[in-house]
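S.K.:
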Amino acid sequence: MRIKQIVLASRPKGLPALTDFRTEEVTLPDLKEGEVLLKPLYYSVDPYMRGRMNEGKSYIPPFEVNAPIESGAIATIAESKDKNLQPGDVVIAASSRPLLPWATGIIRKGSDVRKTDSEIPPTYYLGLLGMPGLTAYFGLMDIGKPKTGETVVVSGAAGAVGIVVGQIAKLQGCRVVGIAGGAEKVKMLTDKFNFDVAIDYKGNPDISKAIAAACPNGVDIYFDNVGGEISDAVVNQINFHGRIPLCGQIALYNSTETPVGPRWQPTLLTRSVLLQGFVIGNYASRFQEGIGQLAGWVKAGKLKYTETIEEGFDHLPDALLGLFSGRNNGKMIVKV
Ligand code: NDP
-1 MRIKQIVLAS RPKGLPALTD FRTEEVTLPD LKEGEVLLKP LYYSVDPYMR
49 GRMNEGKSYI PPFEVNAPIE SGAIATIAES KDKNLQPGDV VIAASSRPLL
99 PWATGIIRKG SDVRKTDSEI PPTYYLGLLG MPGLTAYFGL MDIGKPKTGE
149 TVVVSGAAGA VGIVVGQIAK LQGCRVVGIA GGAEKVKMLT DKFNFDVAID
199 YKGNPDISKA IAAACPNGVD IYFDNVGGEI SDAVVNQINF HGRIPLCGQI
249 ALYNSTETPV GPRWQPTLLT RSVLLQGFVI GNYASRFQEG IGQLAGWVKA
299 GKLKYTETIE EGFDHLPDAL LGLFSGRNNG KMIVKV
């Protein structure tokens, strides 16, 4: 069977271009006993994938040049030689091997996928109840340790992780300030997601002043999704015994030079601030706890979500690049 796959054509310097990807046709072998043929339905595109396009050691190996890109995905079974799986079943890759290649047909062992719950919208497995939702939950609750009445600031607030962080912080009784790019996004945060204040960093000439005005009692927790100048401005307002879950640095992912900025250490030292980086894989043994808590809030109507669903397998690279210009509201998904 002939299928299409999208491979990494070259390692980008700075912001990736569509020419860093290539679509090619390959032939899949016949299914063996115990295997299934998957047809992807939805793919997740995520900022961390930019790091995998670079060479070099990190917490996850780089993509290989001329090999398929891979990401989180939901698929349907097209053919099955596994007695536990039937054509039409909707599945996600098992957590031991959680990513699927960007390909229009994929062969996996049946034991390497698990069925999704038909009562949960399938795309939630890639967002709210998947890696981004868990990142928000554990980063905020385990590192941020929010207390009633505290002020929580989250950057990248209108994205897959940020909108969950803000809502969980509200559920803990905090005052929540979100930072995002564009008037439409900040309106969405206050109107739909119950943020107390939202700051448009793109439309605001003085982000430091805006943060100070939005946080009259200072900042107790800064959930950092973006890094760069936004984070420098928030850290200026951090309170004594503040906590900074260091989740992402998307403002720097395409930097070609080592970024230079103010040194935070004196502020962290004199205000006894906890700064802790984390990757969500650290919490793998507690994922069921996180999913249970998030699903409980969803069922109780306390946690809402939004997704930007772009269409077409060939559109995957462009959707990934769209994350760096902020084209998404909430989770960026590609419907195949
Ligand atoms: P998002 O859904 O938030 O998408 C990325 C968003 O980042 C864009 O929509 C854009 O929003 C914003 N952005 C892009 N470029 C810049 C920039 N130069 N400066 C400021 N904001 C920018 O992604 P996720 O919610 O999935 O991820 C958010 C962060 O969390 C990322 O840094 C990601 O790498 C990190 N992450 C970390 C994990 C971990 O285990 N530590 C796990 C998952 C995510 P806007 O329009 O507001 O600019």
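Residue numbers (this note's numbering): -1 to 334.
Note that beta-carbon positions come from the ideal geometry of N, C-alpha and C, so glycine has one too.
#1: Let me check you understand the geometry: is the CB of Y46 closer than 7 Å to at least one non-hydrogen atom of ligand 1?
#2: What ranges does the alpha helix (DSSP H) occupy inside the region 153 to 201, keeping only unbroken runs of at least 4 residues that lie completely in it?
#3: Regarding T133 and ligand 1, is the C-beta to nearest heavy atom distance less than 7 Å?
#4: Curious, which full-length alpha helix (DSSP H) runs of at least 4 residues does the region 268 to 326 contain?
#5: Among A134, K107 and V89, whose alpha-carbon lies nearest the alpha-carbon of P120?
#6: Please tell me whether, using a cut-off of 7 Å, the distance from the CB of G246 to the nearest non-hydrogen atom of ligand 1 is below it.
#7: Under 8 Å, with one C-beta from each stretch per pair, do the region 239 to 252 and the region 214 to 231 reach the 3-pair mark?
#8: Give the DSSP-derived three-state secondary structure of K333 in the structure shown.
#9: Within 10 Å of its beta-carbon, does A211 have 16 or more other beta-carbons around it, so buried, or fewer, so exposed?
#10: Skipping 5 residues on each side, what residues in its chain have a beta carbon closer than 7 Å to that of P260?
#11: In three-state terms, what does DSSP make of S229?
#12: For the region 25 to 42 and the region 123 to 132, state whether three or more C-beta atom pairs, one from each stretch, are separated by less than 8 Å.
#13: Looking at the structure shown, is R106 part of a helix, part of a strand, or coil, going by DSSP?
#14: Below 8 Å between beta carbons: does that hold for M186 and A156?
#15: Taking only the alpha-carbon atoms, compute the straight-line gap between L272 and M139 and give it to the nearest angstrom.
#16: Only counting runs of 4 or more residues, tell me where the alpha helix (DSSP H) segments fall wholly within the region 16 to 67, in order along the chain.
#17: Find the nearest neighbour of L13 within the set G86, P315 and G328, judged by alpha-carbon distance.
#18: Are N326 and G320 close, meaning C-beta to C-beta below 8 Å?
#19: Quick check: what's the CA-CA separation for R50 versus F61?
#20: Would T133 be called buried (16 or more neighbouring beta carbons within 10 Å of its own) or exposed?
#21: Below 8 Å on the Cβ atoms is my guess for L301 versus Q165; work out the distance and round it to an integer in Å.
#22: Heavy atom of ligand 1 less than 7 Å from the Cβ of V159, yes or no?
#23: Could you tell me which residues DSSP pairs with G240 in its beta bridges?
#24: Quick one: grab the DSSP three-state call for P10.
#25: Please classify Q3: is it buried, with 16 or more other beta-carbons within 10 angstroms of its beta-carbon, or exposed?
#26: With distances taken from CA atoms, which of K168, P85, G131 and G201 is nearest K145?
#27: Measure from the alpha carbon of T265 to the alpha carbon of each residue in Q235, L250 and S283, then state which is nearest.
#28: Measuring only the C-alpha atoms, how far is Q84 from I58?
#29: Please check the pair L97 and E53, which I expect to be a contact at CB under 8 Å, by giving their CB distance rounded to whole angstroms.
#30: Tell me whether A178, by its Cβ, gets closer than 7 Å to a heavy atom of ligand 1.
#31: Nearest to Y251 by CA position, among G226, T268 and V233, is which residue?
#32: Mark T268 as exposed unless 16 or more other C-beta atoms lie within 10 angstroms of its C-beta, in which case mark it buried.
#33: Could you give the DSSP three-state label for K81: helix, strand or coil?
M.R.: Judging by the given coordinates:
#1: For the purposes of this step, residue 46 is taken as the residue at position 48 of the sequence shown. Result yes, Cβ under 7 Å from ligand 1.
#2: 160 to 169 and 181 to 189
#3: Numbered from 1 along the sequence shown, position 135 holds the residue referred to as residue 133. Yes, the beta carbon of T133 sits closer than 7 Å to at least one heavy atom of ligand 1.
#4: 285 to 297 and 314 to 320
#5: Against the sequence shown, residue 120 aligns to sequence position 122. With distances taken between Cα atoms, P120 lies closest to V89.
#6: The residue you call residue 246 lines up with position 248 of the sequence shown. At least one heavy atom of ligand 1 is nearer than 7 Å to the Cβ of G246, so yes.
#7: yes
#8: Locating residue 333 in the sequence shown gives position 335, counting from the first residue. Of the three classes helix, strand and coil, the one that applies to K333 here is strand, per DSSP.
#9: To locate residue 211, count along the sequence shown from 1; it is residue 213. Its Cβ having fewer than 16 others within 10 Å, A211 is exposed.
#10: Here residue 260 is taken as the residue at index 262 of the sequence shown, counted from 1. Excluding residues within five positions, the ones whose Cβ falls inside 7 Å are D230.
#11: The residue labelled residue 229 in the question sits at position 231 within the sequence shown. It is helical.
#12: yes
#13: Translated into the one-based positions of the sequence shown, residue 106 becomes position 108. Strand, per DSSP.
#14: Sequence index remark: in the sequence shown, residue 186 carries index 188 (1-based). Sequence index remark: in the sequence shown, residue 156 carries index 158 (1-based). Yes, they are a contact pair.
#15: On the sequence shown, position 274 is the one that residue 272 refers to. On the sequence shown, position 141 is the one that residue 139 refers to. Those two C-alpha atoms are separated by around 14 Å.
#16: 46 to 50
#17: Against the sequence shown, residue 13 aligns to sequence position 15. Among G86, P315 and G328, the Cα nearest to that of L13 is on P315.
#18: As a working mapping, residue 326 is identified with position 328 in the sequence shown. As a working mapping, residue 320 is identified with position 322 in the sequence shown. In contact: N326 and G320 (Cβ atoms closer than 8 Å).
#19: Your numbering for residue 50 matches position 52 in the sequence shown. Your numbering for residue 61 matches position 63 in the sequence shown. Those two C-alpha atoms are separated by around 5 Å.
#20: Position 135 of the sequence shown, counted from the first residue, corresponds to residue 133. Classification for T133: buried.
#21: For the purposes of this step, residue 301 is taken as the residue at position 303 of the sequence shown. For the purposes of this step, residue 165 is taken as the residue at position 167 of the sequence shown. About 5 Å; that satisfies the 8 Å criterion.
#22: In the sequence shown, residue 159 corresponds to position 161, counting from 1. Flag set: Cβ of V159 near ligand 1.
#23: Working through the sequence shown from its first residue, we reach residue 240 at position 242. DSSP, once it has assigned bridges, lists no residue as partnering G240.
#24: Taking the sequence shown and counting its residues from 1, the one referred to as residue 10 is at position 12. Coil.
#25: Along the sequence shown, read from residue 1 onward, the residue named residue 3 stands at position 5. Buried.
#26: Taking the sequence shown and counting its residues from 1, the one referred to as residue 145 is at position 147. Out of K168, P85, G131 and G201, K168 has the C-alpha closest to the C-alpha of K145.
#27: Counting from one through the sequence shown, the residue named residue 265 turns up at place 267. With distances taken between Cα atoms, T265 lies closest to Q235.
#28: On the sequence shown, position 86 is the one that residue 84 refers to. On the sequence shown, position 60 is the one that residue 58 refers to. Using only the alpha carbons, I get a separation of about 32 Å.
#29: Within the sequence shown, numbered from 1, the residue matching residue 97 stands at position 99. Within the sequence shown, numbered from 1, the residue matching residue 53 stands at position 55. About 19 Å separates the two Cβ atoms, so there is no contact after all.
#30: Translated into the one-based positions of the sequence shown, residue 178 becomes position 180. Yes; taking the cut-off as 7 Å, the Cβ of A178 has a heavy atom of ligand 1 nearer than that.
#31: Looking up residue 251 in the sequence shown gives position 253. The shortest C-alpha separation from Y251 is found at G226.
#32: Locating residue 268 in the sequence shown gives position 270, counting from the first residue. That one is exposed.
#33: Working through the sequence shown from its first residue, we reach residue 81 at position 83. K81: coil per DSSP, three-state reduction.
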